[in-house]
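Whatever position you read off the sequence shown (first residue = 1), add 28 for the numbering used here.
Each residue gets a CB set at the ideal place from its N, CA and C atoms; glycine is no exception.
Just below is one structure, and these are the notes that go with it.
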Amino acid sequence: MDEENTVFIGSKETMSYVMALLTQFNSGSDEAIIKARGRSISKAVDVAEITKNRFLKDSKITDIKTDTEKLDNEEGGTTNVSSIEITMKK
């Protein structure tokens with residue numbers, strides 16, 4: 029999957045990411061990936077569900093992957109951060 033078909037979830041409003049996902053599908057892509065880490069995971073799930081239930085009722089969530097990423101912190105150690113990757117098809 030190309031990076032251009034990926035929506036990275038951050039601190040913007042949920043509907044901004046829903047619109048980005050809809051733009052991916054409307055530009056001819058049949059598949060898109062939603063990625064998030066940490067506190068943004070719940071927003072990623074909201075984006076997928078809002079898209080599926082309100083806008084593209086025929087779309088499906090085809091895959092969900094969870095992982096733990098190790099990130100370097102300011103003290104020189106590592107911090108574990110959960111991540112999610114949701115694959116949707118139109």
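The Cβ-Cβ distance between glutamate 31 and arginine 65 does not fall below 9 Å. Within its own chain, the residues whose Cβ lies closer than 8 Å to the Cβ of asparagine 33, once the five positions on either side in sequence are excluded, are Gln52, Ser57, Glu59, Ala60 and Ile61, listed in chain order.
Burial state of isoleucine 37 is buried, judged by a 10 Å Cβ sphere holding 16 or more other Cβ atoms. Per DSSP, serine 44 is one residue of the alpha helix (DSSP H) stretching across 42-54. Counting the other CB atoms within 10 Å of its CB gives threonine 79 a total of 16 or more, which places it among the buried residues.
A buried status is given to serine 87, since no fewer than 16 other beta-carbon atoms sit within 10 Å of its beta-carbon.
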